[in-house]
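Residues in the sequence shown are numbered from 1 upward in steps of one, following the numbering used here. Heads up, the beta-carbon is just placed ideally off N, CA and C, and yes, glycines get one too. Here is the structure we will look at.
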Amino acid sequence: MLLALRWFATGLLMPVSLLLPLERGLTVADVGIAMAAQGIVVIVLEVPSGALADSWGRRPVFITSAVAAIAAYALTLGAQSVLAFALAWAVMGVFRALDSGALESWFVDAEHARGAATEVPSALAAAGGVISAAIALGSLASAGLLFVAPWSVGVSLAVPYVLAIGVVVVQVVAARLLMEQVPRTEPPTASAWRRALGTGVRVAFGRRLRLLTAAMLLCGVAVAGLELLMPVRLAEFSADASAAGSVLGVVSSVAWGLAALGATVASRVLRDVSPGVVAPVLAATEALGLAVMAIAGGPVALVAGFWLCYLVHMSFGAAYNALVHDRVTEAHRATALSVTSMAFLGSGAAGGVALGVVADRASASAALWLAAAALLVAGALVASPAGSRAAQR
Numbered sequence: 001m002l003l004a005l006r007w008f009a010t011g012l013l014m015p016v017s018l019l020l021p022l023e024r025g026l027t028v029a030d031v032g033i034a035m036a037a038q039g040i041v042v043i044v045l046e047v048p049s050g051a052l053a054d055s056w057g058r059r060p061v062f063i064t065s066a067v068a069a070i071a072a073y074a075l076t077l078g079a080q081s082v083l084a085f086a087l088a089w090a091v092m093g094v095f096r097a098l099d100s101g102a103l104e105s106w107f108v109d110a111e112h113a114r115g116a117a118t119e120v121p122s123a124l125a126a127a128g129g130v131i132s133a134a135i136a137l138g139s140l141a142s143a144g145l146l147f148v149a150p151w152s153v154g155v156s157l158a159v160p161y162v163l164a165i166g167v168v169v170v171q172v173v174a175a176r177l178l179m180e181q182v183p184r185t186e187p188p189t190a191s192a193w194r195r196a197l198g199t200g201v202r203v204a205f206g207r208r209l210r211l212l213t214a215a216m217l218l219c220g221v222a223v224a225g226l227e228l229l230m231p232v233r234l235a236e237f238s239a240d241a242s243a244a245g246s247v248l249g250v251v252s253s254v255a256w257g258l259a260a261l262g263a264t265v266a267s268r269v270l271r272d273v274s275p276g277v278v279a280p281v282l283a284a285t286e287a288l289g290l291a292v293m294a295i296a297g298g299p300v301a302l303v304a305g306f307w308l309c310y311l312v313h314m315s316f317g318a319a320y321n322a323l324v325h326d327r328v329t330e331a332h333r334a335t336a337l338s339v340t341s342m343a344f345l346g347s348g349a350a351g352g353v354a355l356g357v358v359a360d361r362a363s364a365s366a367a368l369w370l371a372a373a374a375l376l377v378a379g380a381l382v383a384s385p386a387g388s389r390a391a392q393r
């Protein structure tokens, strides 16, 4: 339920999160610059927030992240300039930093506590199916709203943010009721946080996670290209932003439905096959989808490439996270996840700026080719002996 609520709100916003600033007068490059504010905040807060979840507890950090999400959505509703959108995305960075590891760490801790550590890769893939289904439903609801909304384009693109705020409020209540607060071995003091931060950073940047972190840096660039450039390319074949938003909502819903299907299949595969083997294959498949998007001469090929990316998107994340979890203990789990999340979101912000500039000065297709290349290299890093050793132990 918590996963479903958390990601249903995200699904509501996916069809409109880039179209809203474009409708309000920002260029693609402006959007990339505004989004970079999120990356900067994440870089500053991601690892300290992971240490906070390790020292303070998973539940309070998860609830605090939801409060930050509400603030970010409210700021977006009133944003009209690059600076205002940058502020909203900066607060979104606070939300993403706090949210990145708390809930998953709580779940993996519970699996280890009941002696089911070997089931974690499969369970994470199954959780990816829940996330994907929730996003699909949220995107479909948003698309339906855009299709029937009697308001202006600007108002229609803003309404999903109002709905998302309501969903996150329900999420906060559910977390209070459903998330068991595991007793900590020491009080949540500043010194405990500093110890968790210092030890966790040493683990996360040590030799056991170095290549995996580098791979996630490149994944951030690739996914930034996927998220930023799909609406741009789709708009090339659409009459206006509202029409593109309506189509993108349906396309995104199907995409996340495919992601749920892919995650379900992956949960079965990962019971028998090492995530160190599965992850690079999925990365190469997603890179192929980006390449198809780059060469697409019409909406059919563009959507096909987009759907191929999403078919394997969540499954790759589950296989990758399984490699990370295998290398850390409960004491540093959220910090390690925060380091990889920092790599992903920070490089995604920088990649969004760079790919936005490439799209403006050359073409969106050229930027997509760069994103595909980044993902291929990421897959090679995960496939390397050092990158996959944990799954073979």
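Neighbourhood of residue i by C-beta, 6 angstroms cutoff - its chain only, sequence neighbours within 5 removed
i           : result
residue 165 : 70, 73
residue 85  : 21, 34, 79
residue 106 : 58
residue 163 : 12
residue 379 : 280, 283, 284
residue 9   : 164, 167, 168
residue 109 : 330
residue 14  : 139, 252
residue 427 : The shown model of the chain, from 1 to 393, leaves out residue 427, and the question about it has no answer.
residue 308 : 289
Sub-8 angstroms separation of residue i and residue j beta-carbons
i           : j           : result
residue 310 : residue 255 : yes
residue 249 : residue 139 : yes
residue 39  : residue 337 : no
residue 228 : residue 343 : no
residue 270 : residue 281 : no
residue 339 : residue 67  : no
residue 125 : residue 215 : no
residue 375 : residue 287 : yes
residue 141 : residue 352 : no
residue 322 : residue 160 : no
residue 346 : residue 31  : no
Buried/exposed call for residue i, threshold 16 Cβ in 10 Å
i           : result
residue 135 : buried
residue 17  : buried
residue 148 : exposed
residue 150 : exposed
residue 54  : buried
residue 318 : buried
residue 295 : exposed
residue 152 : exposed
residue 276 : buried
residue 303 : buried
Presumed contact (8 angstroms Cβ cut-off) between residue i and residue j, rounded CB distance
i           : j           : result
residue 42  : residue 101 : Actually they do not touch by this definition, with Cβ atoms about 12 angstroms apart.
residue 370 : residue 220 : Not really, about 13 angstroms apart at Cβ, beyond 8 angstroms.
residue 24  : residue 129 : Not confirmed; about 35 angstroms, so no contact.
residue 2   : residue 137 : About 15 angstroms separates the two Cβ atoms, so there is no contact after all.
residue 314 : residue 259 : 5 angstroms
residue 82  : residue 26  : 6 angstroms
residue 87  : residue 98  : With 8 angstroms as the limit, residue 87 and residue 98 do not qualify as a contact, their Cβ atoms being about 18 angstroms apart.
Close Cβ partners of residue i (< 7 angstroms) along its chain, the five nearest in sequence each way excluded
i           : result
residue 223 : 348
residue 359 : 28, 229, 232, 367
residue 170 : 5
residue 301 : 292
residue 144 : none
Spatial neighbours of residue i in its chain, beta-carbon cut-off 8 angstroms, leaving aside the 5 residues before and after
i           : result
residue 298 : 237
residue 306 : 226, 230, 251, 255, 289, 293
residue 77  : 158, 161, 162
Inset, instruction - Write down every uninterrupted run of the alpha helix (DSSP H) in the segment 271–309 whose length is 4 residues or greater and which is fully enclosed by it, in chain order. - result: 275–295
Legend entry - Entirely enclosed beta strand (DSSP E) segments - the segment 321–377, minimum 3 residues: none
Inset, instruction - Ignoring anything shorter than 4 residues or poking outside the segment 23–104, list the alpha helix (DSSP H) runs there in chain order. - result: 28–55, 58–78
Inset, instruction - Ignoring anything shorter than 4 residues or poking outside the segment 136–179, list the alpha helix (DSSP H) runs there in chain order. - result: Segments of the alpha helix (DSSP H) lying fully in the segment 136–179: 153–178.
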